[in-house]
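Here the structure is laid out as structure tokens; the discussion comes afterwards.
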Amino acid sequence: MARLAGSSRLLRAINERTSYALLLERRTLTRGELVELTGLSKPTASEVIRRLQDAGLAKVAGHMTGKPGPNAEIYEPDPDAGFYAAFSVRDLGRRAGSNLVGTLADLTGTVRSRTETRIAFGSTDPVVAVTGALDELLDEAAIPVDRLRHVQLGVPGSYDPQSDTIRYVDVPGWSAQGLVGRLRERLAAPVDVANDVNLVAIAERAHGVAADASAFALLWLGDEGLGLATDLGGTLLQGARGSAGEIGYIPVGLPGRGAGRTDYTQLVCGRAVLELAQEHGMRAGSAAAAVRAAVNAAAVGGHEAFLDELAERVAVGLAAVVAVLDPPLVVLAGEIGSAGGDVLAAAVSRAVGEVSPLGTQVAPTGITDDAVLLGAMHAGLTATREQLLSGLSEAADHVPGTSPERSPA
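Okay, so the sequence shown: first residue is -15 according to this note's numbering, each after it adds one.
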């Protein structure tokens, strides 16, 4: 938008973006409704609709009946205007490999196809795995590759664009320098790579408990991962190398002290939580299963000591986050955070209050689906719509029309 500043193209772009956003939100609009909602004149509203139709973003869905005068046309977004793919990469643990889940969706966010691929430890080049999965998605949905507008990838690490390297990722093959560049060369669309926990925060903002929060921090407590995302009014804190949120590296105690623990990961990672459960006489196949069992038992007065000690451990790192950022809300996500629900959230809130004068609201995640994939889909949809609208703005000088009108949006 900066390139359009001070020109008639800026006003035209504002009108188009505002109108298209309303069409996507309401699903159907007449010209009269668009005039009423935006304050545009009828000629300008007609021109905006025409340009959206010419760009393939909108189409006629029907006609308004039962009113005096000519039947007004009803417009709707054209879902086939563009397609995007979203992928999530999940670490399955040592020697187990990884899981690659992908979806292909249209411009309304409707999923057209889905695929899931197990990548055995060290057996498949990630570039081959992603391109193969994308081919499956396109084939299943019968969508030609030239209709693909964007590919969004969520990874359990931090992407550094300066070195084209995914850092802090334990999944074999994904830390190779130049991996993302190779993907971009092979795929027929722009590729964005985002940290999985940041994508979970995007999903939480769009669909979860943080929808109305002015800002929030999301702590991911997973069976195989740990991370933090910080949402500042809808903008994610990324850091100089994309590594903001690697909370597992926070030192715990002085080096060489504290029962051999040197960082936050060793306190609250999946293996540490499972060991803590065993110390309390619990047996479970995973940390999340142990926490879920403890929450169920807590309803009748059992395993409260385990949950309290786990909350104290979580509070050690979270108190530092609260002291630095002072967020109005902290969301507990991941397999462990989700399993703990309201019970663990309440215990963590109490524990933070005991070690820090800065209290904060703590809530469990409101996402029950694959949160990483859901966030990747939301990010992919936003990028695809932006790409199409940017192309519309760039073509503005070459399409005759009425003079742009200032929009109240």
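C-beta: ideal position from N, C-alpha, C; glycine also. Note that the coordinates shown come from a computational prediction; the quantities given were computed from them, not determined experimentally.
Residue pairing by DSSP puts Trp204 in a beta bridge opposite Gly211 and Ala317. For the 7 Å CB-CB criterion, Thr28 and Thr2 do not form a contact.
Taking 7 Å as the cut-off, the beta carbon of Thr14 is found closer than this to the beta carbon of Met48.
Counting only runs of 4 or more residues that sit fully inside the segment 24 to 90, the alpha helix (DSSP H) segments are 26 to 38, in chain order. The DSSP-derived three-state label of Leu183 is helix. Boundaries for Ser147: no alpha helix (DSSP H) harbours it, and the DSSP string shows neither H nor E there.
Leu291 and Arg297 have their C-alpha atoms some 10 Å from each other. Between Asn179 and Gly209, the alpha-carbon positions lie close to 12 Å from each other. For Cys253, the closest alpha carbon among the candidates Arg98, Arg11, Val275 and Ala172 is that of Val275. Judged by DSSP secondary structure, Ser97 falls within the beta strand (DSSP E) whose first and last residues are Val95 to Ile103. Here the C-alpha atom of Tyr233 lies approximately 18 Å from the C-alpha atom of Leu294.
For Ser3, the secondary structure class from DSSP, reduced to helix, strand or coil, is helix. DSSP, read as helix, strand or coil, puts Leu309 in helix.
Buried is the label assigned to Asp90, since at least 16 other Cβ atoms lie within 10 Å of its Cβ. According to the DSSP secondary-structure assignment, Gly138 is paired through a beta bridge with Ser72 and Ala178. Taking every protein chain shown into account, the CB of Arg369 has 16 or more other CB atoms within 10 angstroms, so this residue is buried. In chain order, Arg225 place their CB closer than 8 Å to the CB of Gln146, counting only its own chain and leaving out the 5 sequence neighbours on each side.
By the C-beta density criterion, Gln136 is buried, having at least 16 other C-beta atoms within 10 angstroms.
Using a Cβ-Cβ distance cut-off of 8 Å, the segment 350 to 358 and the segment 181 to 196 are in contact, since at least three pairs of beta carbons, one from each stretch, lie closer than that value. By the 16-neighbour rule on beta-carbons within 10 angstroms, Ser72 is buried.
In the DSSP annotation of this structure, the continuous segment of the alpha helix (DSSP H) that includes Val279 starts and ends at Ala271 to Ala282. In the three-state reduction of the DSSP assignment, Arg133 falls in the strand class. In the DSSP assignment, Pro348 falls within the beta strand (DSSP E) that extends over Gln345 to Pro348. Among the bridge pairs identified by DSSP, Ala199 is matched with Leu216. CA-CA distance, Val32 to Val19, rounds to 11 Å.
In this structure, Thr115 is the residue among Val339, Thr115 and Glu17 with its C-alpha nearest to the C-alpha of Arg170.
With a beta-carbon spacing of about 4 Å, Thr101 and Leu84 fall inside the 8 Å limit used to define contacts. Counting every other CB atom within 10 Å of its CB across the protein chains shown gives Asn280 a total below 16, marking it as exposed.
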